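To start, the structure itself, in structure tokens.
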Amino acid sequence: MSKPLKQIHLAAHFPGVNNTTVWSDPEAGSHIEFSSFAHFARTAERAKFDFLFLAEGLRLREQGGEIYDLDVVGRPDTFTVLAALAAVTDRLGLTGTINSTFNEPYEVARQFASLDHLSGGRSAWNVVTSWDAFTGENFRRGGFLPQDERYSRAEEFLATANELFDSWNGDEIVADQAGGTFLRDAKAGSFVHTGRHFDIHGRFDVPRPPQGRPVIFQAGDSDEGREFAASDADAIFSRHASLKEGRAFYADVKGRLAKYGRTPDQLLILPAATFVLGDTDAEARELAREVRRKQVSGATAIKHLEFVWNRDLSAYDPDGPLPDVDPDPGEHRIARGRAQVRMYRDPLATAREWRERAAANNWSIRDLVIETGNRQSFIGSPATVAKTIDDLVQADAADGFILVPHITPGGLDVFADKVVPLLQERGVHRTEYEGETLRDHLGLAHPGSPLRTGGPPRTEGAGHGLRNAVRGEEAAS
């Protein structure tokens, strides 16, 4: 008996804190104006995607003591953007990255409960931690936490937020999985939490959201991050989009679920993926080369090399050879607030490997950065890309993909128009939404909620008032 086809989960990432975007393209638009976000979201919803994803940075990144100006700066607040998008979409999930190191459970729970109500049950939270004191300088508490402490705080943060969401049920709980204690009485919103990181009590002032709780995403790739995802997350935002790496990551994380009393279908693996489409595979390959050259200017290549070298390399020619001087392995002083800095934990070994590859291929600095950091995940005709995505999902290398176009806001349009119909023909992607909430789209259970407890989709209910009011205003104008 043949294995039933897995349904492919697709999502769209509005690119931000990276150098994916090709700024020089005439089609490139604003990353601040709401029209860009609205166009992107409507395209994703037209293609019946599960959700839209927004990353967030809590401090402008610096390079050599100056604001790094080669990628997005000035992105509006995530909650503000997502709440606005709730008014111009009907079914698309709305996922935001919110930090657990420099925020507090009450305010974040209140914001997500509000977003879930305003959107009719479409909110999701990508739970992240912050790793550096540089970011912490923007906050009163400041400083930073060691890695094990960051995840300990994140686990209790999430457990505490869930207690706040659940407090409207009126049951009594005496302990939580993060090691704190939690008591509530029969009055809606009453809570008391005493734990290692949080000691709070009061009343939660937002009724339990339509989904019960927002969908929880996690993006860490460390062993601690994988454990956190296996114990608490509904989906994991992975960077392993190839067959070999994807299957290994998939098996590892799903294999951790049983010890937490969970089954494989309770955690989705969704790698980030870039793409370039052409009428033919050859045309797409040529276009992909052009895109990579536009993504990595000479200045970008030098800045990227400084992540590893931890030295000022501004005097080097990006079209020349790699520096013969070794990286400075000490505390990073050149790039601050850059996640890429953490990716190269042994800069001396990385430099040796890169020199060998550059020498073997006659690569310049810019060539090396392009080849090591800006390879698109999917390149080809629509038919080729549709088959590749389907093959990867059916082979258990992923449950779907979070797509990151190189043009915003219109870069997702070609995928929606040319690849999605082919996936629908294959019977692996929906032609219509069957439910209304993000948990419905992802096939996840709804925690008990007075407004939503699973079962058939609602036709009306909490969360539709804002959208209808705004649309009424649009129609009137």
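Using our numbering, read the sequence shown as starting at 22 and increasing by one per residue. Quick reminder that beta carbons are idealized off the backbone N, C-alpha and C, glycines included. Owing to the predicted nature of the structure, the values given are computational and were not obtained by experimental measurement.
Exposed unless 16 or more other CB atoms sit within 10 angstroms - verdict on residue 374 = exposed
Candidates 409, 231, 389 and 401, of which the one nearest residue 325 by Cα = 389
Spatially closest choice to residue 381 from 343, 398 and 412, by CA coordinates | 343
Residue 423: first and last residue of the uninterrupted beta strand (DSSP E) it sits in = 421-424
Contact check, residue 268 vs residue 407, beta carbons under 8 angstroms | no
First and last residue of the uninterrupted alpha helix (DSSP H) at residue 293 = Here residue 293 belongs to no alpha helix (DSSP H); instead the beta strand (DSSP E) covers 289-294.
N-terminal and C-terminal residue of the alpha helix (DSSP H) that residue 132 is part of = 126-140
May I ask you to list the residues that DSSP assigns as paired with residue 87?
-> Its beta-bridge partners are 84.
First and last residue of the alpha helix (DSSP H) that includes residue 13?
-> Nothing in the structure corresponds to residue 13, since the chain is present only between 22 and 498.
Closest by C-alpha distance to residue 341, when choosing among 383, 313, 302 and 354 = 383
Okay, do the region 57-73 and the region 427-435 touch, 3+ Cβ pairs below 8 angstroms being the bar?
-> yes
Is the Cβ-Cβ distance between residue 126 and residue 189 less than 8 angstroms?
-> no
Terminal residues of the alpha helix (DSSP H) in which residue 173 lies = 168-187
Of the residues 123, 306 and 231, which one's Cα is nearest the Cα of residue 157?
-> 123
Alpha helix (DSSP H) containing residue 371: first to last residue?
-> 368-382
Could you please give me the residues that DSSP links to residue 73 through a beta bridge?
-> The partner list for residue 73 (beta bridge, DSSP) reads 33 and 115.
Euclidean distance between Cα positions of residue 250 and residue 115 | 19 angstroms
Does the separation of the CB atoms of residue 446 and residue 69 fall below 8 angstroms?
-> no
Is residue 450 helix, strand or coil when you go by DSSP?
-> coil
Taking all protein chains shown into account, decide if residue 159 is buried (16 or more other Cβ within 10 angstroms of its Cβ) or exposed.
-> exposed
Local Cβ density within 10 Å of residue 246, reported as buried at 16 or more and exposed below that | buried
Ordered along the chain, which non-local residues of its own chain (more than five positions away) have a Cβ less than 7 angstroms from that of residue 443?
-> 403, 404 and 407
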